[in-house]
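If you're matching them up, the sequences are chains A and B in order.
Per UniProt numbering, residue 1 is the first one in the first sequence, and the count goes up by one each step.
Per UniProt numbering, residue 1 is the first one in the second sequence, and the count goes up by one each step.
Even glycine gets a Cβ: it sits at the ideal position worked out from N, Cα and C.
Note that the coordinates shown come from a computational prediction; the quantities given were computed from them, not determined experimentally.
2 protein chains.
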Amino acid sequence: MEGLAGGSDSPARPPPPVHPLVVPLSYLLGKWRGEGEGGYPTINSFSYGEELVFSHSGKPVISYSQKTWKLASGEPMHAESGYWRPRPDGSIDVVIAQSTGLVEVQKGSYDAENKIVTLKSELVGNASKVYISL
Amino acid sequence: MEGLAGGSDSPARPPPPVHPLVVPLSYLLGKWRGEGEGGYPTINSFSYGEELVFSHSGKPVISYSQKTWKLASGEPMHAESGYWRPRPDGSIDVVIAQSTGLVEVQKGSYDAENKIVTLKSELVGNASKVYISL
Chain A
1 MEGLAGGSDS
11 PARPPPPVHP
21 LVVPLSYLLG
31 KWRGEGEGGY
41 PTINSFSYGE
51 ELVFSHSGKP
61 VISYSQKTWK
71 LASGEPMHAE
81 SGYWRPRPDG
91 SIDVVIAQST
101 GLVEVQKGSY
111 DAENKIVTLK
121 SELVGNASKV
131 YISL
Chain B
1 MEGLAGGSDS
11 PARPPPPVHP
21 LVVPLSYLLG
31 KWRGEGEGGY
41 PTINSFSYGE
51 ELVFSHSGKP
61 VISYSQKTWK
71 LASGEPMHAE
81 SGYWRPRPDG
91 SIDVVIAQST
101 GLVEVQKGSY
111 DAENKIVTLK
121 SELVGNASKV
131 YISL
């Protein structure tokens, strides 16, 4: 394996067509950015920025990444990334790894017409609580 | 939330210093690319390209993404992404989401001097086998 100091992001290739299974969710594709206010009883409230990126490679899966940062300083906060896998029957699986050391499986359904995705966390794995047998 | 057609990748901010916990693994940071030959008893052998990207945001965690593609056509194959979390005691947690609908927790150790990271898969969650209760 060879380390590259620069170079293109990926092999030269025309943008692939959106896979038919991804079409109902293609409105998600792109970069989404917003701001919010975080508040918990035990800490000071804080303003944060958030960015979500949904992309595809022509396969029946959407790549997903998300990050938040403190608005005042730009300091990074949470990040997560994973994949959204829509199925022909209107169900969808989402697998996510989080910068805090969690993995998560969410399952649910999508309503393409109304642009509603309903997800429920079905599995959370916490790296710091998984048994280690070295 | 607002969709952006373009814009910069992240808020303007000077590159942050590498977190002390990431320093022992900082040789990983960057883009790595290689080629390989895949072979299984049940399918034709195939040549593939592979790219790994390790990056950081100044926090005590390394962002990781990986993808493979068929060398002949450039067609995307596998992809995965997640986070590597080194600890001061030389242990390390890795959390990964895979484009095939799997999540994985790997745990192990790193040897900074010899640039060896030893990982063992400790948890695999398969989205298509997790119970769905909608």
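Check: Measure the Cβ-Cβ separation of serine 81 of chain B and serine 109 of chain B and say whether it is below 8 Å.; Outcome: no
Check: Measure the CB-CB distance between tryptophan 84 of chain B and leucine 52 of chain B and report whether it falls below 8 Å.; Outcome: no
Check: Quick one: which chain A residues come within Cβ less than 7 Å of proline 76 of chain B?; Outcome: Ser57, Gly58 and Lys59
Check: Buried or exposed: where does threonine 42 of chain B fall if 16 or more other Cβ atoms within 10 Å of its Cβ makes it buried?; Outcome: exposed
Check: Roughly how many angstroms separate the alpha carbons of glutamate 35 of chain B and glycine 58 of chain A, rounded to a whole number?; Outcome: 21 Å
Check: Using a Cβ-Cβ cut-off of 6 Å (strictly less than) and excluding sequence neighbours within five positions of valine 61 of chain B, which residues of its own chain qualify?; Outcome: Tyr83 and Arg85
Check: Among residues of its own chain, excluding the 5 on either side of proline 76 of chain A, which ones have a beta-carbon nearer than 7 Å to its beta-carbon?; Outcome: Lys67 and Trp69
Check: By the three-class DSSP mapping on this structure, what secondary structure does alanine 127 of chain B have?; Outcome: helix
Check: Let me know the secondary structure DSSP gives proline 24 of chain A once reduced to three states.; Outcome: helix
Check: Going by other Cβ atoms of all chains shown within 10 Å of its Cβ, with 16 needed for buried, is serine 63 of chain A buried or exposed?; Outcome: buried
Check: Using a Cβ-Cβ cut-off of 7 Å (strictly less than) and excluding sequence neighbours within five positions of valine 22 of chain B, which residues of its own chain qualify?; Outcome: His56, Pro60, Ile62 and Pro86
Check: Out of curiosity, what's the CA-to-CA distance linking threonine 118 of chain B and leucine 25 of chain A?; Outcome: 39 Å
Check: Name the two residues that bound the continuous beta strand (DSSP E) containing glycine 90 of chain A.; Outcome: It is not in any beta strand (DSSP E) - glycine 90 of chain A carries neither H nor E in the DSSP assignment.
Check: Considering only residues of the same chain and omitting the five flanking positions on each side of leucine 123 of chain A, which have a CB-CB separation below 6 Å?; Outcome: Val105
Check: By Cβ distance below 8 Å, which residues in the same chain neighbour serine 128 of chain B in space, the five residues on each side in sequence not counted?; Outcome: Gly101
Check: Could you pull the start and end residues of the beta strand (DSSP E) that arginine 33 of chain B belongs to?; Outcome: 30 to 40
Check: Kindly say whether aspartate 93 of chain B, judged by its beta-carbon, lies nearer than 8 Å to any beta-carbon of chain D.; Outcome: No chain D is part of this structure, whose protein chains are labelled A and B.
Check: Between the C-alpha atoms of valine 18 of chain B and proline 14 of chain A, what's the straight-line distance to the nearest angstrom?; Outcome: 35 Å
Check: Note down, in chain order, each residue of its chain lying with its Cβ closer than 6 Å to the Cβ of serine 47 of chain A, except the 5 sequence neighbours on either side.; Outcome: Glu37 and Leu71
Check: Go ahead and label glycine 39 of chain B buried or exposed: buried means 16 or more other beta carbons lie within 10 angstroms of its beta carbon, across all protein chains shown.; Outcome: exposed
Check: Quick one: which residues of the region 97 to 111 of chain A get their C-beta closer than 9 Å to a C-beta of chain B? List them in chain order.; Outcome: Ala97, Gln98, Ser99, Thr100, Gly101, Leu102, Val103, Glu104, Val105, Gln106, Lys107, Gly108 and Ser109
Check: For alanine 97 of chain B, which residues of its own chain have a beta-carbon under 7 Å away from its beta-carbon, when the five flanking residues on both sides are left out?; Outcome: Glu80, Ser81, Gly82 and Val103
Check: With valine 53 of chain B as the anchor, note down where its beta strand (DSSP E) starts and where it stops.; Outcome: 43 to 55
Check: Applying a beta-carbon distance threshold of less than 7 Å, which residues of chain B neighbour serine 63 of chain A?; Outcome: Ala79
Check: Looking at chain B, is there any beta carbon in it that lies within less than 8 Å of the beta carbon of serine 26 of chain A?; Outcome: no
Check: Closer than 8 Å, CB to CB, is glycine 90 of chain B near chain A or not?; Outcome: no
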